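Trainee: First the structure, which I've put down as structure tokens, then a few questions once you've had a look.
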Amino acid sequence: MFYSPVTTNAAEATASDQLHLFKYVEDPDQHKIETYEAHGGYAAWKKVLNGMPPVAVIEEVKQSGLRGRGGAGFPAGLKWGFIPKDSPKPRYLCCNADESEPGTCKDRVIMERDPHAVIEGMAIAAYAIGCHLMFIYIRGEFCHCAERIDAAMKEAYAKGYLGKNINNSSYDLDMIVHTGGGAYICGEETGLLNSLEGERGMSRIRPPFPAVEGLYSCPTIVNNVETLASVPHIINRGADWYRSLGTEKSTGTKIFSLTGHVKRPGNYEVELGFPLRKLIYDPVYGGGILGDKKLKGVIPGGASTPFLTPEMIDVGLDYESLTDIGSMLGSGAVIVFHEDTCIVWVILKLIHFFRHESCGKCTPCREGTAWLEQIIRRIEHGQGKSGDIETIENICSNILGRTICPLGDAAVMPIQSAIKHWREEWQYHIDQKKCLVKSVFEFQ
Amino acid sequence: MILTEESIKQIQEKTSQYPRCKSAILPALTIAYRQMGYLNSEVYKEISRVIKVPYVEIAEAATFYTLFPKQPVGKYLIQVCHNISCALLGADSLIEYLEQKLSIKRGETTPDNLFTLVTVECLGSCATAPMMQINQDYYENLTREKVDQIIEELRSKA
């Protein structure tokens, strides 16, 4: 069994009354059902089955203010409420565990170390929407996560938390563990549903939204792992408690994956609104920049979110504060790079990724990301031409908002912000046919 | 038959769980890939017979997903993440180091068919960069010393 050696702030979470997602992640037995139960696990599931009608569960989650942790930040309770009440079709719940936004590595840790939290959250969500068959779509590379979830699921069946007539409530619920095929686009909810149906993982036009017509054209809710793992805590401790954490509109806690040029990369659970500067520099978290070099930039929410410059990092890590300064909270993947990093090199890495992962359905994204990669690769290799920046900007603005799913937008927003913040460096690269600072990073 | 009885049994079992058998395509491809180490049109035909979905639909899906190599690879498939978080901590130099160590270029297989080296996009192990996946296992926080040790161990096991 290979277990992620990632650094977490579990010690802080264990000592805290408020942090909850990471409270037991350093307990080597937390993945076992007895340990999970001893730590209060499945109490929320029993509470729900013993007398909370589905509408009350939805209301509690709505009141808590919990928002989607996969990237979009859509209110979870509101989403559940979109399931048509009178539909005769079966309803489905899919847990989105296709974690693949570059920089994001939080869901893997939850699944490996606290798999029952995910299953319990899924069960409560399934009950709330009247679903009797739920799925977890785990990215194919996460073989050991899938094994962990599968083992936990079998334990949950054996203990009667899943299956027929759960807890004598006459409620039936089954679960399927599904693994993916290595496509980023399947983390987009309609791509995920197509993939789960055995199709190519291409996005679907909305409306209809999955809540109305999702898996097998039936009402379906897709929620991220971290979102669902938060649900049992909300049921146990109440919406008011959850609302007391974080900010007014960004309630609760969130796991931030801190990566790149920091001394202590890791996954850190903090209340939303936590200061970004503190996350990067505080010894409990990032501990500062590698080699005590100067910070050059931060991508605050995964590879799809606009860059921040050092002057912008006195910001709270919550949905509103980051939107206010022109970026996004995204998946909470904070990628840090220091002064010895060439911005064109960073963008080349990102656009290569988006070109590779574009599903090819929408022309602007399929062709545009390929053109962008070609031009940016040329610039990085000292063959930039005057007018390249304008061409890049033109292509970007012709992709933005013109694709079915957000992958197109995700590909161009970082590029636009990198040109905005470091235009002179791009110009230097083109004029001088070389990097202003060359990214040379040796592994140890 | 290419697929073993065990693989066919696993595929049938998985297929029976889904409301529609077409949903079993990805799981079936995964089971076949684990058995064979790669996929080809012969396997698609067999899967088509087992899960009762037309061949073209199996091939259509299989060719979309990059997780499954479409031609034989070495006993150990080394996939090195070269995306941003890993690259900031030296993924490019890790790839060069492996190229030198194995005397092959990325995309190639060693003459003894032991190792295939490829680069891949983000594997979700960004806070333990640089990293690589070998077959099903992740190797994280890599250093030269660790890489030497891993390759040595795999060579001696083979």
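Chains A and B, in that order, are what the protein sequence lines are.
The first sequence begins at 61 in our numbering and counts up by one.
The second sequence begins at 37 in our numbering and counts up by one.
Beta carbons: idealized from backbone N, C-alpha and C, even for Gly.
If you're wondering where the values come from, they're calculated on a predicted model, not measured in any experiment.
Spell out the partners DSSP gives Lys314 (chain A) in its beta bridges.
Mentor: Note: Lys314 (chain A) sits in a beta bridge opposite A:Val330.
Trainee: Any idea what DSSP makes of Pro144 (chain A), helix, strand or coil?
Mentor: In the structure shown, Pro144 (chain A) sits in coil (DSSP, three-state: anything other than H, G, I, E or B).
Trainee: Less than 8 Å between C-beta atoms, sequence neighbours within five positions excluded: which residues of the same chain meet that for Arg180 (chain B)?
Mentor: Answer for Arg180 (chain B): Tyr133, listed in chain order.
Trainee: If we count Cβ pairs, one from each stretch, closer than 8 Å, do we get three or more for the region 380–388 of chain A versus the region 405–423 of chain A?
Mentor: Cβ pair count under 8 Å is below three, so no.
Trainee: One question on the structure: do Gly348 (chain A) and Tyr341 (chain A) come within less than 8 Å of each other, judged by their Cβ atoms?
Mentor: Yes, Cβ-Cβ distance for Gly348 (chain A) and Tyr341 (chain A) is below 8 Å.
Trainee: Under 8 Å: do the region 131–149 of chain B and the region 92–105 of chain B share three or more Cβ pairs, one atom per stretch?
Mentor: Short answer: they don't touch.
Trainee: Chain B beta carbons: is any one of them nearer than 8 Å to that of Asn29 (chain A)?
Mentor: Only positions 61 to 504 of chain A appear in this structure, which leaves residue 29 (chain A) out of reach.
Trainee: Run through DSSP, which three-state label would Gly376 (chain A) get?
Mentor: If DSSP states are grouped into helix, strand and coil, Gly376 (chain A) belongs with the strands.
Trainee: Take the Cβ of Pro144 (chain A) as the centre, count every other Cβ of all protein chains shown within 10 Å, and call the residue buried at 16 or more, exposed below.
Mentor: Pro144 (chain A) comes out exposed.
Trainee: Could you check where the beta strand (DSSP E) with Gly357 (chain A) kicks off and where it finishes?
Mentor: Run containing Gly357 (chain A): Leu355 to Ile359, per the beta strand (DSSP E) assignment.
Trainee: Would a check of beta-carbon distances place Cys203 (chain A) closer than 8 Å to chain B?
Mentor: Closer than 8 Å: yes.
Trainee: If you follow the beta strand (DSSP E) that Met168 (chain B) is in, where does it begin and where does it stop?
Mentor: Taken as a continuous stretch (DSSP letters only), the beta strand (DSSP E) holding Met168 (chain B) covers Met168 to Ile170.
Trainee: The alpha helix (DSSP H) that contains Ala70 (chain A), what's its start and end?
Mentor: It spans Ala70 to Ala75 - the alpha helix (DSSP H) in which Ala70 (chain A) sits, taken as one unbroken run.
Trainee: Restricting to Cα atoms, I'd like to know which of A:Arg127, A:Tyr197 and A:Ala183 is closest to Leu305 (chain A).
Mentor: Considering only alpha carbons, the answer is A:Arg127.
Trainee: What does a CB cutoff of less than 6 Å around Thr287 (chain A) pick up in its chain, not counting 5 residues either side in sequence?
Mentor: Cβ neighbours of Thr287 (chain A) beyond the five flanking positions: Gly128, Arg129 and Ala136.
Trainee: In chain order, which beta strand (DSSP E) runs of at least 3 residues are fully inside the region 274–321 of chain A?
Mentor: Taking only runs of at least 3 residues, the beta strand (DSSP E) segments lying wholly in the region 274–321 of chain A are 280–284 and 313–320.
Trainee: What distance in whole Å lies between the Cβ atoms of Glu273 (chain A) and Leu467 (chain A), which are believed to be in contact at a cut-off of 8 Å?
Mentor: That belief does not hold up - the Cβ atoms of Leu467 (chain A) and Glu273 (chain A) are roughly 21 Å apart, past 8 Å.
Trainee: What does the alpha-carbon distance come out to for the pair Leu190 (chain B) and Pro105 (chain B)?
Mentor: Between Leu190 (chain B) and Pro105 (chain B), the C-alpha separation is close to 21 Å.
Trainee: With three or more beta-carbon pairs closer than 8 Å as the criterion, would you say the region 114–133 of chain B touches the region 152–171 of chain A?
Mentor: Output reads yes: the region 152–171 of chain A touches the region 114–133 of chain B.
Trainee: Which of helix, strand or coil does DSSP assign to Thr179 (chain B)?
Mentor: Residue state, collapsed to three classes: coil.
Trainee: List the residues of chain B that Tyr217 (chain A) touches, going by C-beta distances under 7 Å, in chain order.
Mentor: In chain order: nothing, as chain B lies at least about 13 Å away.
Trainee: Given this structure, state the Cα-to-Cα distance separating Glu72 (chain A) from Ser499 (chain A), to the nearest angstrom.
Mentor: One C-alpha to the other measures close to 35 Å.
Trainee: Count the C-beta pairs between the region 204–223 of chain A and the region 173–184 of chain A that are closer than 8 Å, then say yes if the count reaches three, no if not.
Mentor: Yes, the region 204–223 of chain A touches the region 173–184 of chain A.
Trainee: In whole angstroms, what separates the C-alpha of Thr51 (chain B) from that of Tyr221 (chain A)?
Mentor: Roughly 23 Å separates the two Cα atoms.
Trainee: Please report the straight-line C-alpha distance between Val66 (chain A) and Arg168 (chain A), rounded to a whole angstrom.
Mentor: Their Cα atoms are separated by approximately 10 Å.
Trainee: Take the Cβ of His441 (chain A) as the centre, count every other Cβ of all protein chains shown within 10 Å, and call the residue buried at 16 or more, exposed below.
Mentor: Label assigned to His441 (chain A): exposed.
Trainee: Starting from the C-beta of Val86 (chain B), find all residues in its chain whose C-beta is less than 6 Å away, skip the five residues before and the five after it, and write them out in chain order.
Mentor: Same-chain partners within the cutoff: Ile44 and Ile47.
Trainee: With distances taken Cα to Cα, identify the nearest neighbour of His398 (chain A) among A:Val358, A:Val121, A:Arg437 and A:Gly362.
Mentor: Among A:Val358, A:Val121, A:Arg437 and A:Gly362, the Cα nearest to that of His398 (chain A) is on A:Val358.
Trainee: Can you tell me whether Pro88 (chain A) is buried or exposed, with buried defined as 16 or more other CB within 10 angstroms of its CB?
Mentor: When all chains shown are included, Pro88 (chain A) counts as exposed.
Trainee: Using beta carbons (cut-off 8 Å, strictly below), is Lys81 (chain B) in contact with chain A?
Mentor: By this cut-off, Lys81 (chain B) is not an interface position.
Trainee: Give the DSSP-derived three-state secondary structure of Ala243 (chain A) in the structure shown.
Mentor: Here Ala243 (chain A) sits in coil by DSSP.
Trainee: Do we get a CB-CB distance below 8 Å when we pair Lys409 (chain A) with the residues of chain B?
Mentor: Output row for Lys409 (chain A): interface = yes.
Trainee: Would you tell me roughly how many angstroms separate the C-alpha atoms of Gln90 (chain A) and Ala157 (chain A), rounded to the nearest one?
Mentor: If you take the alpha carbons of Gln90 (chain A) and Ala157 (chain A), they lie about 19 Å apart.
Trainee: Does any residue of chain A have a CB that is nearer than 8 Å to the CB of Gln48 (chain B)?
Mentor: Judged by the 8 Å Cβ criterion, Gln48 (chain B) is not in contact with chain A.
Trainee: Report all residues from its chain with a CB closer than 6 Å to the CB of Met388 (chain A); omit the five preceding and five following residues, and keep chain order.
Mentor: Same-chain partners within the cutoff: Gly361, Thr365 and Leu382.
Trainee: Quick one: which chain A residues come within Cβ less than 7 Å of Ile120 (chain B)?
Mentor: In chain order: Pro162, Gly163, Ala363, Ile395, Val406, Lys409 and Leu410.
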